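Below is one structure, written out as structure tokens, with a few remarks after it.
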Amino acid sequence: MSNSQFAFLPRSSVPDRAALQASLDRLGFDVKLHPDFTRFDDSGFLPFTLSGDEGPGFEIHYSAAQDVVGDDDDFAAMADGRDYCITMTWGGRMKDLACVMMVSCALARDFDAVVSYEGEEPQPLEDMLHTVQVALKEGAKEK
Numbered sequence: 417m418s419n420s421q422f423a424f425l426p427r428s429s430v431p432d433r434a435a436l437q438a439s440l441d442r443l444g445f446d447v448k449l450h451p452d453f454t455r456f457d458d459s460g461f462l463p464f465t466l467s468g469d470e471g472p473g474f475e476i477h478y479s480a481a482q483d484v485v486g487d488d489d490d491f492a493a494m495a496d497g498r499d500y501c502i503t504m505t506w507g508g509r510m511k512d513l514a515c516v517m518m519v520s521c522a523l524a525r526d527f528d529a530v531v532s533y534e535g536e537e538p539q540p541l542e543d544m545l546h547t548v549q550v551a552l553k554e555g556a557k558e559k
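Position one of the sequence shown corresponds to residue 417 (our numbering), numbered consecutively onward.
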């Protein structure tokens, strides 16, 4: 079963690799973006190095916010005028979730993103940071 997280932000605020990595570093996360990460051009699996472990990651897709929210007025209201969406999709691995949540925290804190899991109400940054810690703890148990 796959999960999707949506980050709505102004297209002009979508960070390049250097800006996103700097944000992740400021948050104190031991995660590295793939060296070939290219905003807008990447589509599909985006691998990370998480605490020295190469391979965790998620599917990433970029699109206009309207293409994601469609005719759902509540979902559109959540985007609150932000015209772009980064969709992050992952399976059941906790290390993958940790990567999604770390990027989500960075986007929310430094790039004016509103982040929604599966169209639910956005969580405060503090709650997302807590989810990172839980995912890392549980991910450490994965083989």
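No residue lacks a Cβ here, since even glycine has one placed at the ideal position from N, Cα and C.
Because the structure is a prediction, the values reported are computed rather than measured.
Would you identify the three-state DSSP class for A434, choosing helix, strand or coil? helix
Assign P472 to buried or exposed, taking buried as 16 or more other Cβ atoms, counted over all protein chains shown, within 10 Å of its Cβ. buried
Are at least three pairs of beta-carbons, each pair with one atom in the stretch 509 to 520 and one in the stretch 491 to 498, less than 8 Å apart? No, they do not touch.
Kindly list the residues whose CB is nearer than 7 Å to the CB of H477, restricted to its own chain and excluding five residues on each side of it in sequence; keep chain order. Around H477: S459, T503.
With a cut-off of 8 Å, do at least 3 Cβ pairs link the stretch 517 to 530 to the stretch 541 to 557? yes
How far does the beta strand (DSSP E) with K448 in it reach, from first residue to last? Run containing K448: 447 to 449, per the beta strand (DSSP E) assignment.
Which of the three DSSP states, helix, strand or coil, is assigned to Q539? coil
With a threshold of 16 other CB atoms inside 10 Å of the CB of F445, please say whether the residue is buried or exposed. buried
Considering F491, what are the terminal residues of the alpha helix (DSSP H) in which it resides? Per DSSP, F491 belongs to the alpha helix (DSSP H) from 489 to 495.
Out of curiosity, what's the CA-to-CA distance linking F422 and E534? If I take the Cα positions, the gap works out to 7 Å.
Taking the alpha carbon of K553 as the reference point, which residue from L466, K448, S420, A522 has its own alpha carbon closest? L466
According to DSSP, simplified to helix, strand and coil, what is D452? Of the three classes helix, strand and coil, the one that applies to D452 here is coil, per DSSP.
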